[in-house]
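Number of protein chains: 2
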Amino acid sequence: MLYIIGLGLGDEKDITYKGLEAVKKANRVYLEEYTSILTVGKRALEAFYERDDLIVADRELVEQGDEILRDADCADVALLVVGDPFGATTHTDLALRAKKAGIRCQIIHNASIMNAIGCTGLQLYSFGETVSIPFWTETWQPDSFYDKIIGNLSRGLHTLCLLDIKVKEPTLESLVKKKREYEPPRFMTVNQAASQLLQIIQRKESSQLSPEKCLSADSICIAVCRVGSSDQKMTSTTLQKVTALEMGPPLHSLVIAGTLHPLEEEYISEFSL
Amino acid sequence: MLYIIGLGLGDEKDITYKGLEAVKKANRVYLEEYTSILTVGKRALEAFYERDDLIVADRELVEQGDEILRDADCADVALLVVGDPFGATTHTDLALRAKKAGIRCQIIHNASIMNAIGCTGLQLYSFGETVSIPFWTETWQPDSFYDKIIGNLSRGLHTLCLLDIKVKEPTLESLVKKKREYEPPRFMTVNQAASQLLQIIQRKESSQLSPEKCLSADSICIAVCRVGSSDQKMTSTTLQKVTALEMGPPLHSLVIAGTLHPLEEEYISEFSL
């Protein structure tokens with residue numbers, strides 16, 4: 075049996091009881107550490123599970139899949155995923171490959187940012203499409219997420235912006251040399267996300283295209299960090315002011331508010347800047 | 075301290091370890107049973123928690139709030155909610171009232187249908203706005219959810235349709251007599267939801283307004299039931315054919331597929347009718 079187990083958000087105690095039972099009895103346990111992170115690392119998980127043999131699974135190992143699925147028809151193999159198992163395409167793909175290989179697969183769900191963002195007091199059914207904001211480079215500055223945000227705003231809907239994570243990215247040098255060397259991990263802050271959004275708005279203003287009036291430096295945003303952990307923080311303010319917020323360590327996420335219901339307005343005013 | 079604890083979907087073992095610790099030490103524990111249900115009832119939860127004093131909280135008790143918040147500044151009070159705490163407005167409101175009364179409040183997140191619907195293999199970031207489909211009566215047949223589905227489809231997005239639940243609804247007789255009597259609980263099936271949608275499409279066809287071509291009897295849907303439990307079931311088929319599916323006991327949900335990515339298409343073909 076292959077178990078794909080969500081760890082939720084926060085720390086080692088956010089696993090479900092059902093998930094913990096599966097981890098304890100599994101023959102092999104892999105920990106996926108490249109699509110998200112908890113506030114604690116492998117050692118804290120090992121101590122809590124009372125086993126010292128967690129195998130860290132990088133993108134290559136999960137996407138290639140053979141190692142994880144090995145003997146899973148007769149042994150119990152668990153893959154631990156921060157958040158919910160089906161938050162990332164790569165785990166859906168693994169579940170599909172297990173099925174095709176005749177391996178039974180049990181999904182153990184948990185909270186992910188996609189539903190825990192309800193902690194802002196904004197109602198989940200008033201969110202439109204979720205967007206991802208990637209790190210820009212000097213020569214690569216995609217902005218397709220802008221149109222999606224505008225699409226949501228024009229219908230009065232909130233937007234959850236997931237911010238880029240770069241974990242175990244090969245260095246440029248290592249790509250050339252075919253030698254395995256990795257960049258230090260990077261996690262986009264709400265400051266960087268807001269700054270990229272403001273640059274897009276400015277570009278639209280200075281080009282022939284006038285920007286959609288519904289997103290501006292004055293738009294109401296909610297900056298959140300470390301959702302589900304004991305030092306979770308939320309601040310509601312304008313997009314402009316998000317650029318200067320001090321939110322602390324990762325992970326950060328940004329919500330762009332659509333039309334606010336009075337209860338939502340009251341809730342976010344409790345943590346306005 | 076007020077703990078609002080998500081129970082996840084499924085059974086008693088879907089609570090998180092953190093949630094279980096809070097339940098065990100709480101002075102009073104309320105179980106909210108009107109916005110959703112697990113596959114097990116109060117007795118199974120009590121046996122698992124090793125305490126026999128769970129208090130069932132109906133809508134009135136939660137919305138009124140005073141009883142739950144009583145002494146919560148010096149005692150530990152837990153409110154158990156199926157899914158994630160912030161799935162329903164009523165819990166957001168309770169958290170806000172606790173805050174205003176100076177009562178500390180800890181949210182313990184868990185899976186809800188809003189993220190667990192990823193089990194269909196459809197990617198969560200390709201979902202638009204979630205809609206609720208209410209039970210129709212002879213004289214009350216709202217259809218605003220139709221426009222939201224069309225809005226999503228026109229942007230290639232999937233729609234999660236949450237189906238109506240009627241728990242502890244006063245009988246018409248009891249409203250007149252001011253005597254407390256309740257209707258038996260009702261849970262909308264995917265069949266009823268699909269049938270209501272088909273009726274809306276037919277009405278649009280027979281009226282001056284031609285229906286949006288993007289939703290029809292042939293649209294691809296995924297019917298799901300008891301997500302997260304051991305007898306979870308998923309079937310992908312057309313909207314027309316959903317009307318005749320046998321999905322078994324509640325809860326049911328319906329997904330209307332937008333533009334399918336090849337991986338999504340492959341995944342749902344594994345459980346097509």
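Chains as they are written, first to last, in the working numbering: chain A, 75 to 347; chain B, 75 to 347.
Note that CB positions come from ideal geometry on N, CA and C, so glycine has one too.
Computed from a predicted structure; not experimentally measured.
- In the three-state scheme derived from DSSP, where H, G and I count as helix and E and B as strand, A:Thr194 is classed as helix.
- Against chain B, a Cβ distance below 7 Å from A:Cys193 picks out Phe160 and Ile181.
- B:Lys116 and B:Leu128 have their C-alpha atoms roughly 7 Å apart.
- Contact of A:Glu203 with chain B is assigned, a C-beta pair being separated by under 8 Å.
- A:Thr211 and A:Cys148 have their C-alpha atoms roughly 47 Å apart.
- In the DSSP annotation of this structure, the continuous segment of the alpha helix (DSSP H) that includes B:Val264 starts and ends at Val264 to Ser280.
- Only Gly225, Arg229 and Leu231 from the segment 224-253 of chain A bring a Cβ to less than 7 Å from some Cβ of chain B.
- Here DSSP, grouped into helix, strand and coil, assigns B:Pro244 to strand.
- Against chain B, the CB of A:Tyr77 has no partner CB under 8 Å away; the residue lies outside that interface.
- By the neighbour-count criterion, in which 16 or more other beta carbons inside 10 Å mark a residue as buried, B:Arg254 falls on the exposed side.
- For the segment 300-322 of chain B, the set of residues with a beta-carbon nearer than 7 Å to any beta-carbon of chain A comprises Gly302, in chain order.
- Here the alpha carbon of B:Glu344 sits roughly 10 Å from the alpha carbon of B:Thr194.
- Within the segment 132-181 of chain B, the runs of alpha helix (DSSP H) that reach at least 4 residues and sit entirely inside it are, in chain order, 133-138, 140-143 and 163-174.
- With respect to B:Ala331, B:Ile294 sits close: the two C-beta atoms are nearer than 8 Å.
- In this structure, B:Thr164 lies near B:Glu137, with their beta-carbon atoms less than 8 Å apart.
- Within the segment 99-129 of chain B, the residues whose Cβ lies closer than 9 Å to any Cβ of chain A are, in chain order, Phe122.
- One alpha carbon belongs to B:Glu95, the other to A:Tyr91, and they sit about 11 Å apart.
- Taking the Cα positions, A:Met321 is about 7 Å away from A:Lys307.
- Within chain B, the residues placing a beta-carbon under 9 Å from that of A:Ser206 are Tyr199, ordered along the chain.
- DSSP, reduced to helix, strand and coil, places A:Ala100 outside both helices and strands of the structure shown, so it counts as coil.
- Of all residues in the segment 163-188 of chain B, the ones placed with a Cβ closer than 7 Å to any Cβ belonging to chain A are Thr163, Thr166, Asp167, Leu170, Lys173, Ile181, His183, Asn184, Ala185, Ser186 and Met188, in chain order.
- At a beta-carbon threshold of 7 Å, the residues of chain B lying near A:Gly82 are Thr90 and His183, ordered along the chain.
- For B:Tyr220, the uninterrupted alpha helix (DSSP H) segment begins and ends at Ser218 to Ser228.
- One alpha carbon belongs to B:Glu107, the other to A:Lys98, and they sit about 31 Å apart.
- Around A:Ser269, the same chain offers Thr317 as residues with beta carbons nearer than 7 Å, after the five sequence neighbours per side are excluded.
- In this structure A:Leu271 is not in contact with A:Leu231, their Cβ atoms being roughly 17 Å apart against a cut-off of 8 Å.
- Going by beta carbons, B:Ala190 and B:Leu119 fall outside the 8 Å limit.
- For the pair A:Gly80 and A:Gly157, the CB atoms are nearer than the 8 Å cut-off.
- Against chain B, the beta carbon of A:Ala297 has no neighbour under 8 Å; the closest one sits roughly 18 Å away.
- Residues of chain B with a Cβ closer than 9 Å to the Cβ of A:Leu337 are, in chain order, Thr163, Thr166, Asp167 and Leu170.
- Straight across, the Cα-Cα distance linking B:Phe160 with A:Tyr341 is about 12 Å.
- When the beta-carbon positions are compared, B:Asp132 and B:Leu112 stay at least 8 Å from each other.
- Residue nearest to B:Asp167 within the set A:Ser186, A:Ile142, A:Asp145 and A:Gln197 is A:Gln197 (criterion: CA-CA distance).
- For B:Tyr256, no CB of chain A lies under 8 Å from its own CB, so it is not counted at the interface with that chain.
- Annotation: Cβ neighbours of A:Tyr341 in chain B (cutoff 7 Å, chain order): Thr166 and Leu170.
- Counting only residues of its own chain and dropping the five nearest sequence neighbours on each side, A:Gln266 has no CB closer than 7 Å to any other CB.
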